[in-house]
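Going by the working numbering, the first residue of the sequence shown is number 9, and it counts up by one from there. We put the CB at the ideal spot given by N, CA and C, even for glycine.
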Amino acid sequence: ENASPRAVRFKLRDEYPYQFRADQDLLDGRIPALDSVETRYHVTPVQRGDYQWSDTNLRYRSTLGTFLRQARYPTADAVRVYPNVLDVRKYDLLARKGLLTELGLRNAKVFGSGSEFERLRDYTPDDEFRRINWRATARRNKLTAIEYETERSQHVVCVLDTGRLMRPPIGDIQKLDYAINAALLTSYVATLRGDQIGMLTFADDVGVYLAPHKGRSQFYTMLELLYNIQSQPVEADYSRGLGYLSVKNKRRSLIVVFSDLVTLDAAQPLIAYMARLAQHHLPLLVIMNDPNITRIAAQQPGSSIDAYQRAVAEQLLDERRIILDTLNRAGVLTLDVPADKLSVAVINKYLELKTRGVL
Numbered sequence: 009e010n011a012s013p014r015a016v017r018f019k020l021r022d023e024y025p026y027q028f029r030a031d032q033d034l035l036d037g038r039i040p041a042l043d044s045v046e047t048r049y050h051v052t053p054v055q056r057g058d059y060q061w062s063d064t065n066l067r068y069r070s071t072l073g074t075f076l077r078q079a080r081y082p083t084a085d086a087v088r089v090y091p092n093v094l095d096v097r098k099y100d101l102l103a104r105k106g107l108l109t110e111l112g113l114r115n116a117k118v119f120g121s122g123s124e125f126e127r128l129r130d131y132t133p134d135d136e137f138r139r140i141n142w143r144a145t146a147r148r149n150k151l152t153a154i155e156y157e158t159e160r161s162q163h164v165v166c167v168l169d170t171g172r173l174m175r176p177p178i179g180d181i182q183k184l185d186y187a188i189n190a191a192l193l194t195s196y197v198a199t200l201r202g203d204q205i206g207m208l209t210f211a212d213d214v215g216v217y218l219a220p221h222k223g224r225s226q227f228y229t230m231l232e233l234l235y236n237i238q239s240q241p242v243e244a245d246y247s248r249g250l251g252y253l254s255v256k257n258k259r260r261s262l263i264v265v266f267s268d269l270v271t272l273d274a275a276q277p278l279i280a281y282m283a284r285l286a287q288h289h290l291p292l293l294v295i296m297n298d299p300n301i302t303r304i305a306a307q308q309p310g311s312s313i314d315a316y317q318r319a320v321a322e323q324l325l326d327e328r329r330i331i332l333d334t335l336n337r338a339g340v341l342t343l344d345v346p347a348d349k350l351s352v353a354v355i356n357k358y359l360e361l362k363t364r365g366v367l
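1. Give me the Cα-Cα distance between Asp203 and Pro177, rounded to the nearest whole angstrom.
2. How long is the line joining the alpha carbons of Val255 and Asn336, rounded to whole angstroms?
3. If we ignore side chains and look at the alpha-carbon of each, how far apart do Phe119 and Arg148 end up?
4. Which residues bound the beta strand (DSSP E) around Met282?
5. Report buried or exposed for Thr209, applying the criterion of at least 16 other Cβ atoms within 10 angstroms of its Cβ.
6. Within 10 angstroms of its Cβ, does Pro91 collect 16 or more other Cβ (buried), or is it exposed?
7. In the structure shown, what three-state DSSP assignment does Glu360 receive?
8. DSSP three-state call for Lys19: helix, strand or coil?
9. Check whether the Cβ atoms of Glu23 and Asp58 lie closer than 8 Å to each other.
10. Output the residue ranges of the alpha helix (DSSP H) runs that lie fully inside the stretch 171–246 and measure 4 residues or longer, sorted by chain position.
11. In three-state DSSP terms, what is Tyr131?
12. So what's Thr64 in DSSP terms, helix, strand or just coil?
13. Whose CA, out of Glu243, Leu359, Leu66, Cys166, lies closest to the CA of Arg80?
14. In angstroms with no decimal places, state the Cα-to-Cα distance between Val164 and Val366.
15. According to DSSP, is Ala11 helix, strand or coil?
16. Could you give the distance in angstroms between the alpha-carbon of Arg14 and the alpha-carbon of Phe75?
17. From Gln32 to Arg88, what does the alpha carbon distance come to, in whole angstroms?
18. Are the Cβ atoms of Ala275 and Ala338 separated by less than 8 Å?
19. Within a Cβ cutoff of 8 Å, which residues of the same chain sit near Thr132, ignoring the five residues on either side of it in sequence?
20. Give me the Cβ distance between Val352 and Phe266, rounded to the nearest whole Å; I'm assuming they're in contact under 8 Å.
21. On the criterion of 16 or more Cβ atoms from any shown chain inside 10 Å, does Pro291 qualify as buried, or is it exposed?
22. Pull up the DSSP beta-bridge partners for Glu155, would you.
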């Protein structure tokens with residue numbers, strides 16, 4: 009705002025978090041006499057977490073234009089960057105229009121609406137609108153919802169390995185971020201189907217545990233807990249993570265474990281504890297295949313170095329297949345998919361299991 013009778017030219021610099029990408033670092037502008045202007049720039053966060061916005065610096069010429077003035081305004085503020093929930097909004101939009109196949113999702117029966125009637129109960133804000141029983145509502149003079157037998161029995165727990173194997177990026181996105189996005193969307197879909205969702209994070213120790221619970225509020229709690237989870241440069245301790253989950257979560261559940269594999273020897277603890285989970289739960293191991301390894305294994309070598317790289321890539325893929333076969337024989341379900349297909353693959357597997365009634 010310019011309260012002087014002369015126009016003022018200025019340069020403005022906002023001290024945004026250095027980790028962000030901005031379309032402009034320095035803003036130039038002119039404020040007419042006795043007027044005000046609004047200037048904008050855009051920033052793009054590149055990673056989830058907590059960030060700090062600092063002060064705003066302004067440089068402008070004096071009224072007579074003989075010298076420069078500089079001012080600093082206290083605009084510091086803390087900001088949070090949350091996981092990408094655009095897929096959740098897109099799912100909602102397409103679900104309302106009956107167009108979920110556009111996301112690559114298969115058609116599946118919506119459990120909790122076509123199952124055996126269980127009871128009437130008070131309507132809650134987390135219930136879907138179509139669950140309202142209008143006759144009972146009129147009779148009781150209170151919003152009343154229908155509950156079905158299937159709604160009470162199904163737990164879905166997403167387990168996120170935050171160790172070093174989840175640190176490398178695929179493209180511009182870290183493996184852990186792909187896993188978090190898939191876990192959130194799968195949990196959201198499970199919530200809409202009346203299931204109880206929970207989560208666990210672990211690296212060399214247990215990170216965050218959220219016991220399974222029903223309702224959209226549980227999804228938002230999960231979102232709050234995950235926004236600042238970062239990968240750690242340590243080996244994942246499956247005995248701590250999956251052992252803790254076995255103690256805390258006794259009820260039979262679909263346990264979706266997002267992790268990664270390297271060699272057969274390194275995967276032995278994962279195989280052992282996933283097999284233990286299979287004794288009481290329905291475990292699903294989800295891993296992302298590396299397009300670079302697949303590409304190297306498929307290319308024709310043009311030199312001795314290329315031949316060596318191809319041999320190593322083929323060995324890694326062979327060991328990966330052995331690990332997955334071993335897990336399958338132990339009763340563990342597995343998914344090995346490209347990162348950009350991760351969310352759709354996990355949701356389709358969840359819907360398939362719901363349709364088969366194996367939980």
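In short, the structure shows the following:
1. 32 Å
2. 23 Å
3. Because the pLDDT at Phe119 is just 41, under 50, the model does not fix this residue reliably, and the point stays unresolved.
4. That residue, Met282, is in no beta strand (DSSP E); its alpha helix (DSSP H) goes 276–285.
5. buried
6. buried
7. helix
8. strand
9. no
10. 183–200, 224–234
11. coil
12. strand
13. Leu66
14. 13 Å
15. coil
16. 15 Å
17. 21 Å
18. no
19. Ala153, Gly223
20. About 15 Å; that fails the 8 Å criterion.
21. buried
22. Arg127
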